[in-house]
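Here's the structure, in structure tokens; my notes come after.
Protein chains: 2
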Amino acid sequence: MDVTGHTSSGNHRGPGQEPRKAASIRDVAEAAGVSYQTVSRVLNGHPNVREVTRNRVEAAIETLGFRRNATAFALASGVTRSVTVLTSNTTLYGYAATLQGLEEAASAAGYSLGVKVLTPEDDLDRTISSAAAGGGGLMVIGFDRLGASALRRVPADVPCAAVVEAPPHGRRPPRPAVWADDREAARAATAYLLQLGHQTVHYVAIPTSVGTRRSEGPRAQGWRKALEEAGITPPEPHGGKGWDAQAGYDEGEQLARDPGVTAILCGNDELALGVLRALHHAGRSVPGDVSVIGFDDAPHAGFVTPALSTVRMDFQGLGRDAFALLRGQLESDYQPPARTFAGTDLVIRESSGVTDV
Amino acid sequence: MDVTGHTSSGNHRGPGQEPRKAASIRDVAEAAGVSYQTVSRVLNGHPNVREVTRNRVEAAIETLGFRRNATAFALASGVTRSVTVLTSNTTLYGYAATLQGLEEAASAAGYSLGVKVLTPEDDLDRTISSAAAGGGGLMVIGFDRLGASALRRVPADVPCAAVVEAPPHGRRPPRPAVWADDREAARAATAYLLQLGHQTVHYVAIPTSVGTRRSEGPRAQGWRKALEEAGITPPEPHGGKGWDAQAGYDEGEQLARDPGVTAILCGNDELALGVLRALHHAGRSVPGDVSVIGFDDAPHAGFVTPALSTVRMDFQGLGRDAFALLRGQLESDYQPPARTFAGTDLVIRESSGVTDV
DNA sequence: GGAGCTTGTGTGACCGGTCACATCCATGCC
DNA sequence: GGCATGGATGTGACCGGTCACACAAGCTCC
Chain R
1 MDVTGHTSSG
11 NHRGPGQEPR
21 KAASIRDVAE
31 AAGVSYQTVS
41 RVLNGHPNVR
51 EVTRNRVEAA
61 IETLGFRRNA
71 TAFALASGVT
81 RSVTVLTSNT
91 TLYGYAATLQ
101 GLEEAASAAG
111 YSLGVKVLTP
121 EDDLDRTISS
131 AAAGGGGLMV
141 IGFDRLGASA
151 LRRVPADVPC
161 AAVVEAPPHG
171 RRPPRPAVWA
181 DDREAARAAT
191 AYLLQLGHQT
201 VHYVAIPTSV
211 GTRRSEGPRA
221 QGWRKALEEA
231 GITPPEPHGG
241 KGWDAQAGYD
251 EGEQLARDPG
261 VTAILCGNDE
271 LALGVLRALH
281 HAGRSVPGDV
291 SVIGFDDAPH
301 AGFVTPALST
311 VRMDFQGLGR
321 DAFALLRGQL
331 ESDYQPPART
341 FAGTDLVIRE
351 SSGVTDV
Chain S
1001 MDVTGHTSSG
1011 NHRGPGQEPR
1021 KAASIRDVAE
1031 AAGVSYQTVS
1041 RVLNGHPNVR
1051 EVTRNRVEAA
1061 IETLGFRRNA
1071 TAFALASGVT
1081 RSVTVLTSNT
1091 TLYGYAATLQ
1101 GLEEAASAAG
1111 YSLGVKVLTP
1121 EDDLDRTISS
1131 AAAGGGGLMV
1141 IGFDRLGASA
1151 LRRVPADVPC
1161 AAVVEAPPHG
1171 RRPPRPAVWA
1181 DDREAARAAT
1191 AYLLQLGHQT
1201 VHYVAIPTSV
1211 GTRRSEGPRA
1221 QGWRKALEEA
1231 GITPPEPHGG
1241 KGWDAQAGYD
1251 EGEQLARDPG
1261 VTAILCGNDE
1271 LALGVLRALH
1281 HAGRSVPGDV
1291 SVIGFDDAPH
1301 AGFVTPALST
1311 VRMDFQGLGR
1321 DAFALLRGQL
1331 ESDYQPPART
1341 FAGTDLVIRE
1351 SSGVTDV
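Sequence lines, in order, name chains R and S. Counting along the first sequence from 1, when you hit position 143 you're at 143 in my numbering, and nothing is skipped either side. To convert a position in the second sequence, counted from 1, into my numbering, add 1000.
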């Protein structure tokens, strides 16, 4: 079945009507019989305008359908109130949720939000430069290599804040940034699985922002640390090439073949879903034969069967905090809250349990 | 477990360095020993500039770290090349995918993209007005009531295009718009279920952009039509209050209690996931006892168990086409492609099957 | 050798707002 | 009555670019 859709592309402009230019404050001024400066005063709510004058101007604004030109305003006043988000992805849950937090915060502060999706093909420097030319600040979602390298390339004179993967101990990101402690979260999740009685825990990695080895991301580090603390030699991590369920399925097929695999930590819930599916196909029950824990707590995680145990992340909080950090650079009198955001949270559902072995 | 995160908010400005203003073309001109106009010519690749002069200017641009002020450019040239998307949601699959298509198209055409999330609380007219003040066009995602009413309120002189629910037969949306024929898609999906041997098909609705009755959306209409064509009186539709899995679960619990329910069409995949979960809890097997079909083909639909049969929608194509429609209004010499986009596609996986009855 | 064209470059006005300052007028006060 | 005060309004410059046009120098051509 392939049903074609429709498009309605009517030119919704009357036949005789000219696409006449938008009214400026001077047009309004003329219509109201005042100077353009008075119109400006009315627009900005300046107190020293007589009641009658104000009314006359407001009437003129109404009849002419005047809207203040934001471009001219920005140029003349030097106030931009806009930020652009640089991200390599907008649909994956972690990114989308961060973006949402960013948007909420920006909107609440009266900022407009631009979004620029980074692709490996385009010239990063050019992209950044044109995004920065807008005048406002830059926000970078640096969960992956593309985002991280974009962050590194932002010129020093451009206001910028980022949300990133937890940086290696003692190392600071190139710009003001916020992050969640997913290293510790991964450690705790792994420790929990060991405590359940599993001999070891396998890891299916997400791509990471740092290095090329898939074992280097903070989640992988936390997993490794938990194993080492328990005196277990970490097995070779899987994955690291993709974020989606298909990637998880591919890795899951391999893992399912190994009877020694009884516990799997996944870098995100999509991967976990794929792993779950592969285990199901291989006839291995979850959590009976294998425990699986995801990461991020995507909206559907609790509704698949078996319901996915996972680590909840406060992506929206991350977005909000990162925006506050940027705002602190943009407005000299704004003090970004120093609070650390709400952290991570291990949520146990059905996909993890005591091993049968 | 509650691990707090960190924020690194260092002021990455050296102690002695002034936050000195960005260089303008006149600064560059002075540094290169030419007039500002010559700098402008170099920036715009004007041919009539001597090789040596060009090099000198480019060197000055490099040393001063000059970036052309996009605001001033927009004001002076009258070219904006930016569009703002008005949407009530950014994370739900259909919205996110549409947004992605929009962004791709905008980016490819050299436009920057703004996003403004609509909430029931904020003043629509004010929001629209401030979004339109940017100068560029407006794109509205009108899948729901909020989006649809925003679309209706966009002033006639503001360039605008939308992606909407399929409008009622013969009716046109208030602005140039694109849509998928989900009415027909729902009809086909329902007909397929009937053909499998089900006596009737129940419907769990998504909220819709039109009217208040949950039966009025195009998907509901298609479902109803298929039943009527088969001489079956449509049962009362369920849902219509939410988009997410929890809403689906709530409706699924009710449906699970009714042994007469053997086939369920859901307004989206999230709802279907919730329904699946509720059926599972009630001990009714899918597709053995009940067939379930979703809508949208979200990324995880194929990886849940049982894999979800669903209707694939080309949201990205919708986004691209809507952008082309807007671009046609913004650039007088740009002719939007008249092609109808790729349509919907019923994808059968595991959650639908022949009834046991 | 000057008219006429092309090439390279500079000047002034303008886009649509804001800001600093000047002006006009009505008060209040001594 | 003279003067400081302050409210209401207007004027000119400016933000950082672009555009239209002027103009000088070099070249061709008759």
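Virtual Cβ for every residue (Gly too), placed ideally from N, Cα, C. None of the values given here were measured: they were computed from a predicted structure.
Check	Outcome
Below 8 Å, can you find three or more Cβ-Cβ pairs linking the stretch 322-335 of chain R to the stretch 148-166 of chain R?	yes
Considering only the beta carbon of each residue, do residue 104/R and residue 312/R sit closer than 8 Å?	no
Using beta carbons (cut-off 8 Å, strictly below), is residue 1315/S in contact with chain R?	no
Can you tell me the Cα-Cα spacing of residue 32/R and residue 1071/S, whole angstroms?	29 Å
Roughly how many angstroms separate the alpha carbons of residue 1345/S and residue 303/R, rounded to a whole number?	25 Å
Exposed or buried, which one is residue 112/R when buried takes at least 16 other CB atoms within 10 Å?	buried
Is it buried or exposed, residue 42/R, if we count other Cβ atoms within 10 angstroms and call 16 or more buried?	buried
If the cut is a Cβ gap below 9 Å, which residues of chain R does residue 1044/S touch?	By Cβ distance, chain R contributes nothing, its closest Cβ being about 14 Å from residue 1044/S, past 9 Å.
Run the CB neighbour count on residue 1329/S, radius 10 Å, all protein chains shown included, and call it buried at 16 or more, exposed below.	buried
Classify residue 117/R: buried if its beta carbon has 16 or more other beta carbons within 10 angstroms, exposed otherwise.	buried
Which residues in the same chain as residue 277/R place their Cβ atom closer than 6 Å to its Cβ, once the five residues preceding and following it in sequence are excluded?	249
In the DSSP assignment, what are the bridge partners of residue 204/R?	238/R, 266/R
Cα-Cα, which of 1314/S, 1200/S, 1138/S, 1064/S is closest to residue 1085/S?	1138/S
Looking only at DSSP bridge pairs, what is residue 1312/S linked to?	1296/S, 1345/S
For residue 1201/S, which residues in the same chain have their Cβ closer than 6 Å to its Cβ, ignoring the five residues on either side in sequence?	1190, 1193, 1263, 1265
With DSSP run on the structure shown, which of helix, strand or coil describes residue 141/R?	strand
Is the stretch 1076-1096 of chain S touching the stretch 1285-1301 of chain S in the sense that three or more CB pairs, one from each, lie closer than 8 Å?	yes
Hey, residue 1083/S and residue 1147/S: beta-carbon distance below 8 Å or not?	no
In the structure shown, what three-state DSSP assignment does residue 1290/S receive?	coil
Taking the alpha-carbon of residue 1087/S as reference, which of 1077/S, 1099/S, 1079/S has the nearest alpha-carbon?	1099/S
Please report how far the alpha carbon of residue 1195/S lies from the alpha carbon of residue 1204/S, in whole angstroms.	20 Å
Show which residues of chain S have a CB atom less than 9 Å away from the CB atom of residue 116/R.	1103, 1107, 1112, 1113
Using a Cβ-Cβ cutoff of 9 Å, what residues of the stretch 1234-1250 of chain S are near chain R? List them in chain order.	1244, 1245, 1246, 1248, 1249
Quick one: does residue 277/R have its CB under 8 Å from some CB of chain S?	yes
At a CB-CB cut-off below 7 Å, which residues of chain R make contact with residue 1075/S?	71, 72, 75
Whole angstroms is fine: what's the gap from residue 1243/S's alpha carbon to residue 1178/S's?	22 Å
Could you give the residue range of the alpha helix (DSSP H) that holds residue 1225/S?	1218-1229
Can you tell me where the beta strand (DSSP E) holding residue 1390/S begins and where it ends?	For chain S, the structure presents residues 1001 to 1357; residue 1390/S sits outside this window and is missing.
Closer than 7 Å by C-beta to residue 1035/S: which residues in its own chain qualify, once you throw out the five before and the five after it? Chain order, please.	1029
Does DSSP put residue 80/R in a helix, a strand or coil?	coil
Name the two residues that bound the continuous alpha helix (DSSP H) containing residue 1114/S.	Element bounds for residue 1114/S: not the alpha helix (DSSP H) but the beta strand (DSSP E), 1112-1117.
With the cut-off set at 8 Å, would you say residue 352/R and residue 292/R are in Cβ contact?	yes
Please look up how many angstroms separate the CB atoms of residue 75/R and residue 1075/S, rounded, as I've assumed it's under 8 Å.	5 Å
Go ahead and label residue 219/R buried or exposed: buried means 16 or more other beta carbons lie within 10 angstroms of its beta carbon, across all protein chains shown.	buried
Which class does residue 42/R belong to by DSSP, given the choice of helix, strand or coil?	helix
List the residues that DSSP assigns as beta-bridge partners of residue 164/R.	142/R
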